[in-house]
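Residue numbers (my numbering), protein chains in the order written: chain A, 421 to 937; chain B, 455 to 557.
Note that the Cβ used here is the ideal one computed from N, Cα and C, for glycine as well.
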């Protein structure tokens with residue numbers, strides 16, 4: 421009974437959660453979606469590298485001044501008290517991600533994610549130094565010659581410079597960049613140096629080496645994206661009804677769309693895809709597609725495909741260029757896979773091949789699963805409507821809140837040491853500290869007064885007070901309220917703070933205490 | 455088309471300890487970043503210094519960085535602890551020599 425159960429870990433090492441990663445050598449691609457991505461890269465990285473150098477009203481346009489706890493974003497200044505706006509903005513960003521994912525898949529991943537954008541630039545550098553896919557693979561497989569050392573060395577040098585510049589720009593958002601540039605590199609502060617190197621190192625590692633592994637293993641979004649997908653979500657899809665059975669052919673065979681064969685029925689097409697994935701052709705083997713899709717349950721055996729006559733073939737010529745261009749190294753013909761970052765490179769590649777063959781474009785295209793399966797697509801689904809409405813409300817509220825922010829915050833603290841005191845005339849006095857924050861970019865003057873409706877004759881000791889507050893300054897103003905000697909018990913008072921040279925007014929409630937009756 | 459015959463060269467997989475280190479370091483770093491942001495949005499490091507170690511000359515930059523690394527240390531320990539708890543038992547890892555002599 422007490423005999424231990426024999427145990428053994430099935431996997432040979434502890435890395436069972438991760439497949440061993442091959443290096444992916446994405447082939448260069450040109451086409452509409454690639455142009456779109458290049459435009460996105462230029463625009464987004466342009467914003468990142470240029471914004472800290474812009475000036476606005478004589479100061480750096482975007483400066484997140486952590487040491488002074490003030491964030492300058494163009495004409496606006498945000499203080500820690502405005503944290504609500506930042507958190508709302510993050511909620512809006514998350515909701516926008518849900519909305520666009522449900523609507524059109526991983527648009528963010530393919531075009532706007534910093535990981536994609538910086539990886540794209542590191543790939544440009546790699547191509548520029550080492551050539552396209554085949555040259556790079558040859559170089560990696562070959563011995564260490566003078567040329568290999570030169571090419572690899574120049575790539576690493578450019579990567580390092582690019583990473584350092586990125587780290588420098590990043591720190592330039594927090595520390596005035598012109599000043600930082602003037603102190604390059606020996607007068608940088610310790611923490612500035614540290615963060616420049618840290619961010620540079622992260623860029624170098626993520627964009628240069630980890631690449632698609634960040635998307636597959638590190639990114640939380642990739643792990644839960646499937647919760648937002650349904651059959652009406654726009655995805656990058658291969659049309660197996662048109663493409664299968666795949667195979668090389670002689671020139672001159674027309675597209676299935678122009679032949680009597682026409683589109684296959686769904687069951688046959690998906691069966692061909694499944695069998696081709698289990699019995700890859702020589703070309704497929706060379707392309708070495710990764711990916712984790714399970715096209716059928718365990719134990720189901722796939723029969724090899726027969727040899728098809730030319731007129732039976734679909735439009736896919738099995739050139740595997742769609743696999744070669746994929747930055748995550750998957751075969752899109754196996755269907756939607758969680759590795760797919762929806763960059764559209766396979767669409768561009770396949771369209772190019774279709775053009776060469778004289779076939780209509782769109783064997784791989786942006787489509788919904790319903791569309792591919794010949795059903796109607798519904799764009800307006802409950803989740804789209806709900807996400808959309810929430811997004812509209814939040815964006816509207818945020819815009820209103822940011823544009824209608826009061827330039828003034830005021831709080832009152834009662835003096836804790838004494839409930840009340842009496843001056844030489846017997847008047848009852850209470851002391852307070854008024855905390856006043858000027859959130860505007862300019863200097864302003866404010867008038868402080870007290871209002872006590874049920875205590876006639878109450879005023880500040882020396883009459884209404886005018887104070888000056890610099891931009892972003894937090895003032896502590898000690899004030900004393902003086903009431904007539906007959907006042908007893910607790911009374912409500914209100915402090916009114918009015919802007920002299922700015923339209924701002926705040927009333928702060930507090931209490932006034934006299935002797936017990 | 456002959457150039458297409460090239461196959462990507464074989465590569466050694468990353469060692470298991472590296473993958474483990476990544477799985478422990480990365481989530482703790484991510485959470486520490488978020489926590490640091492929220493914490494220091496409400497707490498001024500200088501005010502924090504004044505109520506804890508007023509005699510130390512800590513500036514805000516040092517305060518933020520120190521705070522981040524302390525929080526990372528905490529989340530890192532938690533990740534590391536989870537890893538220790540989730541490891542298979544010694545007998546399973548090493549193949550239990552006493553019990554595996556079953557017929």
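Between residue 541 of chain A and residue 461 of chain A, the C-beta gap is smaller than 8 Å, which places the two residues in contact. Interface annotation, residue 638 of chain A: in contact with chain B, CB-CB separation under 8 Å. Take the alpha-carbon of residue 928 of chain A and the one of residue 866 of chain A: they are about 14 Å apart. Legend: CB atoms of the region 620-637 of chain A lying less than 8 Å from CB atoms of chain B belong to residues 637. In this structure, residue 855 of chain A sits near residue 831 of chain A, with a CB-CB distance shorter than 8 Å.
For the C-beta of residue 611 of chain A, the chain B residues within less than 8 Å are, from N- to C-terminus, 515, 516, 519. Sixteen is the threshold: since fewer than 16 other Cβ atoms of the shown chains lie within 10 Å of the Cβ of residue 687 of chain A, the residue is exposed.
Residue 489 of chain A has a beta carbon lying within less than 8 Å of a beta carbon in chain B.
Neighbours of residue 498 of chain B in chain A, taken as residues at a C-beta separation under 8 Å, are given in chain order as 489, 500. 8 Å or more divides the Cβ of residue 734 of chain A from the Cβ of residue 673 of chain A. Here DSSP, grouped into helix, strand and coil, assigns residue 777 of chain A to helix.
Under the three-state reduction of DSSP output, residue 858 of chain A falls in the strand class.
Taking CB atoms only, residue 480 of chain B has a neighbour in chain A less than 8 Å away. For residue 486 of chain B, no chain A residue has a C-beta closer than 8 Å to its own C-beta; the minimum C-beta separation is roughly 13 Å. Less than 8 Å divides the Cβ of residue 611 of chain A from the Cβ of residue 516 of chain B.
Looking at A:677, A:689, A:543, A:616, the one whose alpha-carbon comes closest to that of residue 746 of chain A is A:543. Between residue 574 of chain A and residue 550 of chain A, the alpha-carbon positions lie close to 9 Å from each other.
When Cβ-Cβ separations below 8 Å define contact, residue 528 of chain B makes no contact with chain A.
Here residue 914 of chain A is bridged, per DSSP, to A:871, A:929.
The region 551-567 of chain A makes no contact with the region 636-655 of chain A; the number of CB pairs closer than 8 Å stays below 3. In its chain, beyond the 5 residues on either side, 545 have a beta carbon closer than 6 Å to the beta carbon of residue 578 of chain A. For the pair residue 767 of chain A and residue 760 of chain A, the CB atoms are not nearer than the 8 Å cut-off. Taking a contact to require three or more Cβ pairs closer than 8 Å, the region 787-803 of chain A and the region 652-671 of chain A qualify as touching. At a Cβ-Cβ threshold of 8 Å, residue 896 of chain A and residue 910 of chain A do not count as neighbours. Beta bridge pairing from DSSP links residue 898 of chain A with A:853. When 9 Å is used as the limit between beta carbons, residue 486 of chain A is near these residues of chain B: 494, 514, 515, 518, in chain order. Comparing C-alpha distances from residue 861 of chain A to each of A:637, A:504, A:490, A:508 shows the shortest one belongs to A:490. With a threshold of 16 other beta carbon atoms within 10 Å, residue 588 of chain A meets it and is buried. The DSSP-derived three-state label of residue 785 of chain A is strand.
Using a C-beta cut-off of 8 Å, the region 496-510 of chain B makes no contact with the region 470-488 of chain B, since fewer than three inter-stretch Cβ pairs fall below that distance.
DSSP places residue 936 of chain A outside both helix and strand once states are collapsed to three, so it counts as coil. In the structure shown, residue 502 of chain A adopts helical secondary structure according to DSSP, grouped into three states. With 16 or more other Cβ atoms inside 10 Å of its own Cβ, residue 658 of chain A counts as buried. Within 10 angstroms of the beta-carbon of residue 470 of chain A lie fewer than 16 other beta-carbons, which makes it exposed. Going by DSSP, residue 583 of chain A is part of no beta strand (DSSP E) but of the alpha helix (DSSP H) stretching over 566-592. For residue 535 of chain A, the enclosing alpha helix (DSSP H) has its first and last residue at 534-550.
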